[in-house]
Amino acid sequence: MLVWYQPKPNEINFLPWIEHRLATRRRKRFFLYGFIVVVIVLGVAAFGVLYANLLRGQAELHRQVSEGVKQLQTRQKRVWADSLGRRRMELDRVIMAQQEFQAWLPVRELSGLLIILQSDQQLGRWQWQPIDAGHQVVFTITGINKWQGWWQEALKVWPSIQMEALEKQGDGWTFEASYVLPQNPLPLPLGSEIAAPASQPFALQLTPELLSVNIGVEVAPIAAMTHQVVKHGQGLEIVRGQGVQVNVALDSVQWVDLAPLPSAAGWSLQDLSIQQTPSGQWLVSMQWLPQVSTSPSYVMTPAPTVAVQALTHERIQHYAQAFQAKMLPTQATAIQAVVSNVTAHHKKLQIADDFQFIGYSQQQGQIPVAWVKSIVNGRLLRVEVGHEIEGWRVSAIGAQGINLLRDQQSIMLERSCLTGVCQK
Amino acid sequence: MLQHFVRRRVKPLLLGIDWQVGELRIVLLGCANNTNETRRQRVLGQWHLSLPLLSVSATLQAHSVWRDFIAQLTLLLGSAPLHINVGIPNRLCTWLHCPADLFEARANRVTLQLHYQRMAAAALNIEPVNLRVCHLQLSSNLSFLVVTKRHYGDHIGQLMSSVHDAVEGSVVGCIEPQGLTQASVPEFLDDLTDEYAMAWFMANKIMVPRC
Chain A
197 MLVWYQPKPN
207 EINFLPWIEH
217 RLATRRRKRF
227 FLYGFIVVVI
237 VLGVAAFGVL
247 YANLLRGQAE
257 LHRQVSEGVK
267 QLQTRQKRVW
277 ADSLGRRRME
287 LDRVIMAQQE
297 FQAWLPVREL
307 SGLLIILQSD
317 QQLGRWQWQP
327 IDAGHQVVFT
337 ITGINKWQGW
347 WQEALKVWPS
357 IQMEALEKQG
367 DGWTFEASYV
377 LPQNPLPLPL
387 GSEIAAPASQ
397 PFALQLTPEL
407 LSVNIGVEVA
417 PIAAMTHQVV
427 KHGQGLEIVR
437 GQGVQVNVAL
447 DSVQWVDLAP
457 LPSAAGWSLQ
467 DLSIQQTPSG
477 QWLVSMQWLP
487 QVSTSPSYVM
497 TPAPTVAVQA
507 LTHERIQHYA
517 QAFQAKMLPT
527 QATAIQAVVS
537 NVTAHHKKLQ
547 IADDFQFIGY
557 SQQQGQIPVA
567 WVKSIVNGRL
577 LRVEVGHEIE
587 GWRVSAIGAQ
597 GINLLRDQQS
607 IMLERSCLTG
617 VCQK
Chain B
99 MLQHFVRRRV
109 KPLLLGIDWQ
119 VGELRIVLLG
129 CANNTNETRR
139 QRVLGQWHLS
149 LPLLSVSATL
159 QAHSVWRDFI
169 AQLTLLLGSA
179 PLHINVGIPN
189 RLCTWLHCPA
199 DLFEARANRV
209 TLQLHYQRMA
219 AAALNIEPVN
229 LRVCHLQLSS
239 NLSFLVVTKR
249 HYGDHIGQLM
259 SSVHDAVEGS
269 VVGCIEPQGL
279 TQASVPEFLD
289 DLTDEYAMAW
299 FMANKIMVPR
309 C
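Residue numbers (our numbering), protein chains in the order written: chain A, 197 to 620; chain B, 99 to 309.
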């Protein structure tokens, strides 16, 4: 290294020390700049290498995760495929339990009503219909003695019961009441069959997909249901339309056979109506419609136990036996039957004379309503299809009058022609 | 790097040159080996060379006298650094009085050097590029511009560069006027004659760590 001595203020050096000093400083500065540039370049290069490694690591991680997910999904599908039979059996068991529950539920409610009826009371009409909040039960009871005590008992059983109508009938009374049976108690979910959310990337589907259930109008369920109601024998009427309508007349000894109701997968009971005739028959009308819901309800509904089933049978049988005992003596029954046959035509004429068709109304989306006036006491009655007038059941309502049915007899209360315009 | 630090611990040798244009008297001083010795300095060599002033373009390597000197010097130096101080006769220099506070204090040294160069060139009616100027601050209000011709410095610079090219250690160089100094050799340097007194004096002026 060759340097020129830098003189102090009182010294002299003719050598180009200042140029040499500037060159040295310039060289140091260039070296510093170069060093900084090298450091920056090396830093950028190191960062680039690091970033590239990060990207590669990230891609590798994604690939491994994806492969892991695929392996897990494959393993899950294999496990689920192995358990398909078991899950199918569990689903069938759930569906069977639901069917059994639905088949017993209306009859259990009916038996609950029958068992609290007193000896002087009897069922007039009982109707079961599903609504949004659950099921609605409308029933009519006739009795002789005071009804208030029985009403208090009924309130304990159904706190939501409401009285729709209370009328005097002969020596006794008749009233119509209704209550809403809420939806089933909170069902127990089947943990292994909970529906999974939509699959997402890298999201594991922890539960298998729902098993498909063949729901719809099929011949096999209808045939099975028909086979179940054939046991009721005579008076059976099966109407096939959009749904299945079954009308059957049951003697008191057959009432107990009503439980359980016929049921089939994919069909739901839309209407159950029981009309008790004075002659001791139940005119039962059942209507099933295909279930709208296409997905099965993956809830475990406990089927009624054997004890509950036996209790239901026992209650209905108890009411039937009490009714049979009340219908004795047989002679009176026979005479009454003969008289009823003889006087059927007379009654037919009598009701036509006692009641007068007043008017008719039908609004959009509502059932038709008719008004009938009693000639005897001048009372105005509002009737719908299914109501009873003096033992006659309203079967049809139209603009020209109403049609009444009783013991396979039919009569038409036609509109009066006050102005003569409607003369035939 | 380690080698550099090791070399820094080696004591530098001092080379004083009495440059009389065509005649060179050279003295090489070094530290005495015996630390108890009262005379710390030791004369390692003395040369008297007849070296005419060459043009700038001529190469010194071709000069056999100077080549022999460098060869001898290299053997004596080894890896030690070398400090060279060249004294030139006062008749080759011009002293100009420099007024105080002539320039702004904020001007840097490079700018001041340019101003001094122009001022001396204007005073001597010579191109600034042909001059070498040093500002000598003797007191706060007394300073001089010491001027010499450029080709003297360039020639001596070539001598030093050729020495640097040959030796292993570093070289630090300086040229200063001898002024009116009358030097004499101390008595303990009995191996030096009076002709080498100025060269010995120039070597002793070098500000280096004492032995």
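Glycine included, every Cβ here is placed at the ideal spot set by N, Cα and C.
Interface residues of chain A facing residue i [CB-CB closer than 8 Å]
{"i": "E266 (chain B)", "result": "Under the 8 Å cutoff, chain A gives no residues; its nearest Cβ is about 11 Å from E266 (chain B)."}
{"i": "T246 (chain B)", "result": "F210"}
Proximal residues of chain A, C-beta to C-beta of residue i below 7 Å
{"i": "I273 (chain B)", "result": "N209, F210, L211"}
{"i": "H262 (chain B)", "result": "L198"}
{"i": "G255 (chain B)", "result": "L211"}
{"i": "V270 (chain B)", "result": "V199, Y201"}
Within chain A, partners of residue i - CB distance below 9 Å
{"i": "T50 (chain B)", "result": "A question about residue 50 (chain B) goes unanswered here, because the residues of chain B that appear run from 99 up to 309."}
{"i": "G251 (chain B)", "result": "F210, L211, P212"}
{"i": "S259 (chain B)", "result": "L198"}
DSSP-derived helix/strand/coil call for residue i
{"i": "E207 (chain A)", "result": "coil"}
{"i": "N302 (chain B)", "result": "helix"}
{"i": "Q562 (chain A)", "result": "coil"}
{"i": "K352 (chain A)", "result": "helix"}
{"i": "L286 (chain A)", "result": "Note that residue 286 (chain A) is Glu in the sequence shown here, rather than Leu. In this structure, E286 (chain A) counts as helix in the three-state DSSP scheme."}
{"i": "P110 (chain B)", "result": "coil"}
{"i": "H161 (chain B)", "result": "coil"}
{"i": "P326 (chain A)", "result": "strand"}
{"i": "Q604 (chain A)", "result": "coil"}
{"i": "T526 (chain A)", "result": "Because the pLDDT at T526 (chain A) is just 48, under 50, the model does not fix this residue reliably, and the value given afterwards should be weighed accordingly. Looking at T526 (chain A) - three-state DSSP - the assignment turns out to be helix."}
{"i": "V199 (chain A)", "result": "strand"}
{"i": "V265 (chain B)", "result": "coil"}
{"i": "P302 (chain A)", "result": "helix"}
{"i": "L577 (chain A)", "result": "strand"}
{"i": "S459 (chain A)", "result": "coil"}
{"i": "I418 (chain A)", "result": "helix"}
{"i": "L384 (chain A)", "result": "With a pLDDT of 45 at L384 (chain A), under the threshold of 50, the modelled position of this residue cannot be trusted; read the value that follows with caution. Here L384 (chain A) sits in strand by DSSP."}
{"i": "I254 (chain B)", "result": "helix"}
{"i": "V442 (chain A)", "result": "strand"}
{"i": "S148 (chain B)", "result": "strand"}
{"i": "D68 (chain B)", "result": "Because chain B is modelled from 99 through 309, residue 68 (chain B) falls outside the range shown and cannot be assessed."}
{"i": "E215 (chain A)", "result": "helix"}
{"i": "L406 (chain A)", "result": "coil"}
Residue burial classification, residue i (beta-carbon count within 10 angstroms, cutoff 16)
{"i": "P197 (chain B)", "result": "exposed"}
{"i": "H233 (chain B)", "result": "buried"}
{"i": "T508 (chain A)", "result": "buried"}
{"i": "A392 (chain A)", "result": "Since pLDDT at A392 (chain A) reaches only 42, below the 50 mark, its modelled position is unreliable, and no value is offered."}
{"i": "M608 (chain A)", "result": "exposed"}
{"i": "L116 (chain B)", "result": "According to the sequence displayed, residue 116 (chain B) carries Asp and not Leu. Under this definition D116 (chain B) is a buried residue."}
{"i": "R511 (chain A)", "result": "buried"}
{"i": "S557 (chain A)", "result": "exposed"}
{"i": "T172 (chain B)", "result": "exposed"}
{"i": "A350 (chain A)", "result": "buried"}
{"i": "P179 (chain B)", "result": "buried"}
{"i": "E135 (chain B)", "result": "Residue placement at E135 (chain B) is poorly supported in this model, since its pLDDT is 49, which falls under 50; the coordinates are not used for a value here."}
{"i": "P205 (chain A)", "result": "exposed"}
{"i": "T291 (chain B)", "result": "exposed"}
{"i": "V449 (chain A)", "result": "exposed"}
{"i": "P404 (chain A)", "result": "buried"}
{"i": "M300 (chain B)", "result": "buried"}
{"i": "M292 (chain A)", "result": "exposed"}
Beta-bridge partners of residue i, as assigned by DSSP
{"i": "D116 (chain B)", "result": "B:R123, B:G185"}
{"i": "D467 (chain A)", "result": "A:Q483"}
{"i": "G143 (chain B)", "result": "B:L126"}
{"i": "Q318 (chain A)", "result": "A:T338"}
{"i": "A361 (chain A)", "result": "A:E372"}
{"i": "Q344 (chain A)", "result": "Per DSSP, none; premise fails for Q344 (chain A)."}
{"i": "F242 (chain B)", "result": "B:H195, B:L234"}
{"i": "S570 (chain A)", "result": "A:F551"}
{"i": "W451 (chain A)", "result": "Partner(s): none; W451 (chain A) has no beta bridge."}
Chain B contact residues for residue i, given Cβ-Cβ distances below 9 Å
{"i": "L257 (chain A)", "result": "Simply none; closest approach about 44 Å."}
Within chain B, partners of residue i - CB distance below 8 Å
{"i": "L218 (chain A)", "result": "V208"}
| Residues from the region 105-123 of chain B in contact with chain E, defined by Cβ distance under 7 Å | Annotation note: the requested chain E is absent from the structure, which comprises protein chains A and B.
| field | Against chain A: residues of the region 229-242 of chain B by CB proximity under 7 Å | value | R230, C232, L234, Q235, L236
| query | Closer than 8 Å, Cβ to any Cβ of chain B: which residues of the region 224-248 of chain A, in chain order? | reply | none
| message | Under 8 Å, CB to CB, which of the residues in the region 259-272 of chain A have a partner in chain B? | response | none
| task | Below 9 Å between beta carbons is the criterion; list the residues of the region 279-292 of chain B that meet it against any residue of chain A, in chain order. | result | none
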